[in-house]
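Numbering (the UniProt record's numbering), first residue to last: 1 to 121.
These notes concern the structure reproduced below.
What follows is the structure in structure tokens.
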């Protein structure tokens, strides 16, 4: 179960690396396709800076999760993973107030990972 917990942490981290890429570097291309209908096409250019800022925060979340996998002390590693998974969960739950899809794409994977880490790491 320890391996499953670490794989789940890694998957949540990879998701946030992807979000970093999407929001920081591909906002006007892939971002436009991904968020089609949620934002008018003409708003992608003027919101590029805002999206890049959000992407940077997602990168910090990914970095924290990856860092938790690199820590050799099991207690510190678990606490770091719980903290960053908790941050992702809260962000996902907040985002779910505006988009139900965010709950399933961001909050739910983080919550499942958080429970697994809490129980099995």
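Each residue gets a CB set at the ideal place from its N, CA and C atoms; glycine is no exception.
Note that this is a predicted model, so its numbers are computed, not measured.
(Q) Let's test the definition: count the other Cβ atoms within 10 Å of the Cβ of residue 113 and tell me whether it reaches 16, buried, or not, exposed. (A) With 16 or more other CB atoms across the displayed protein chains lying within 10 angstroms of its CB, residue 113 is buried.
Q. Pick from 96, 65, 105: whose alpha carbon is nearest that of residue 6?
A. Sorting 96, 65, 105 by C-alpha distance to the C-alpha of residue 6 places 65 at the top.
Q.
Does residue 92 pass the burial test, meaning 16 or more other C-beta atoms within 10 Å, or should it be called exposed?
A. Within 10 angstroms of the beta-carbon of residue 92 lie 16 or more other beta-carbons, which makes it buried.
Q. How many angstroms separate the CA atom of residue 41 from the CA atom of residue 32?
A. Each residue's alpha carbon lies about 7 Å from the other.
**Q.** Minimum C-alpha distance to residue 27 - residue among 51, 10, 17
**A.** When only C-alpha atoms are compared, the closest one is 51.
Q) According to the neighbour-count rule (16 or more other Cβ atoms, all chains shown, within 10 Å of its Cβ), is residue 1 buried or exposed? A) Exposed, by the Cβ-count rule.
Q. By how many angstroms is the C-alpha of residue 87 removed from the C-alpha of residue 116?
A. When rounded, the distance between both Cα atoms is 16 Å.
Q: Specify whether the region 68-82 and the region 94-101 touch according to this definition: at least 3 beta carbon pairs, one from each stretch, less than 8 Å apart.
A: No: fewer than three Cβ pairs fall under 8 Å.
Q) Are the CB atoms of residue 55 and residue 25 nearer to each other than 9 Å? A) Remark: C-beta atoms of residue 55 and residue 25 approach each other more closely than 9 Å.
Q. Under the rule that 16 or more other beta-carbon atoms within 10 Å means buried, what is residue 90, buried or exposed?
A. Residue 90 is exposed by the Cβ-count criterion.
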